[in-house]
Amino acid sequence: FIVAIPPTATHEILNLSYYTAIILLIVYGLCLLFQLLTHTWYYLTEEDQGPEFTSIISFTVLLMVSAIVGLCGEFLVSSLGDIMTSVGLTKTFVGLILLPAVSKASECVTAATVAMKNEMQSLINTTAARSLQTALFITPFLVVLGWIIGQPMTLFFEVFQTVILFVSVLILNFLIQHGESNWFTGVLLLATYVIIVIACYFYPDLPEPSWVVRYPKSFASTELRTRETY
């Protein structure tokens, strides 16, 4: 695929990403309001009945875990450069496979434990919630945060990444839309994931796109420049 973006479109892509990120954050906030306040009964099942922590304990645990995860993430990111150089991994494989696998390792163990207890409804709800959190909160939050601190990020994805996301969502929706599951459905999902892993491993890192945004420390002056299309 050849991507050709006119010079005037660069600023428009950034603005589109910023406004879209704000809208996604609002939608995620309303989603939490819907689930936790106005329609809690809609998501409550018999599997969810059990002891609950108080708000103070939950908030304290959240802060402690966030601090520990942030510290671990700092060490992980700082060591990625040496790992990629020594092993020969591409940025695509590290960003789409390695980092998510490491960061979600505990959630995978929890999901396996819940599945062994046959609490499938709770498992599906939790998995869907994590996916929505990434799409509606984490990604747009990083875009807005980069906007604030002067490190611009966009919601611009390559064709390869977009196709993988579309195929993954399509297959998952097709397999679980009936509300039932079996071992062969699990095999199909695992096969899909393995294919994506292999594709990301062999997918080369492409050169920078035809547009490059160079931001000085001040937002007052923004210089846009273009390169040859790749």
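For the sequence shown, position 67 matches number 67 in the UniProt record's numbering, and the numbering has no gaps at all.
Beta carbons are placed, not taken as given, at the ideal position from N, Cα and C, and that holds for glycine.
- Using a Cβ distance threshold of 7 Å, proline 140 and leucine 24 count as a contacting pair.
- Within the stretch 79-136, the runs of alpha helix (DSSP H) that reach at least 4 residues and sit entirely inside it are, in chain order, 99-103, 105-116, 120-133.
- Scanning Leu14, Asn15, Leu32 for the CA closest to the CA of leucine 132 turns up Leu32.
- Fewer than three pairs of CB atoms, one per stretch, sit closer than 8 Å, so the stretch 35-42 makes no contact with the stretch 151-164.
- Proline 140: member of the alpha helix (DSSP H) spanning 139-149, first to last residue.
- Of the residues Ile26, Val27, Asp82, Ile171, the one whose Cα lies closest to the Cα of tyrosine 193 is Ile171.
- Contact between aspartate 205 and threonine 92 holds, with the beta-carbon distance rounding to 6 Å and staying under 8 Å.
- By the neighbour-count criterion, in which 16 or more other beta carbons inside 10 Å mark a residue as buried, isoleucine 195 falls on the exposed side.
- With a 10 Å radius around the Cβ and a threshold of 16 neighbouring Cβ atoms, leucine 36 comes out exposed.
- DSSP, reduced to helix, strand and coil, places glutamine 177 outside both helices and strands of the structure shown, so it counts as coil.
- Collapsing the DSSP output to three states places histidine 11 in a helix.
- Rounded to whole angstroms, the gap between the alpha carbons of phenylalanine 184 and alanine 191 is 10 Å.
- Taking 8 Å as the upper bound for CB-CB distance, tyrosine 19 and valine 144 are not in contact here, some 10 Å apart.
- When the five nearest sequence neighbours on each side are left out, no beta carbon in the same chain lies closer than 8 Å to the beta carbon of isoleucine 68.
- With respect to isoleucine 97, valine 197 sits close: the two C-beta atoms are nearer than 7 Å.
- Shown here, tyrosine 203 sits in coil according to DSSP, grouped into three states, outside any helix or strand.
- In the structure shown, the three-state DSSP call for threonine 54 is coil.
- When the Cα atoms are used, threonine 110 and threonine 54 turn out to be separated by approximately 22 Å.
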